[in-house]
Amino acid sequence: MTLDPGTLDRRVTILAAQPEDDGFSSSPGAPVEVGKRWMSRKDIGDGERIRAESFGSKISSRFVCHYDSLTSTIRPDRHSLLCEGTVYNVVGVKEIGRREGLEITTAAELRS
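Numbering-wise (our numbering), the sequence shown opens with residue 7 and increments by one.
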């Protein structure tokens, strides 16, 4: 499978929570930008969201990007994506092909 560069039409900022260490314990700190990549975004349909039991005021989306030294480090427990003013928390990462691309499943809180 080959990723078509023309489909990667959104500039996405990758955020990582930097650990804060007080000398006794460390906890996730505020997220900081670690890079930007071109990605595609597809919102998950309502039927799929209901089957996955994702109720509430959240939107689930899948981002697709090229596999590289930065994107290969994206993890659900540490990273989030900023796209068009919305922060998407990473909930899963799946490799596409053999180190060709990544499919990143995310969830974002909708603000009214």
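Cβ coordinates follow ideal geometry from the N, Cα and C atoms, glycine included.
From a predicted model like this one, the values you see are computed outputs, not experimental measurements.
At the C-beta level, V99 and A114 stay beyond 8 angstroms of one another.
The three-state reading of DSSP puts S78 in helix, counting H, G and I together. Secondary structure at G29: coil, using DSSP grouped into helix, strand and coil. At least 8 angstroms separates the beta-carbon of S86 from that of L9. Between V18 and K42, the C-beta spacing is below 8 angstroms.
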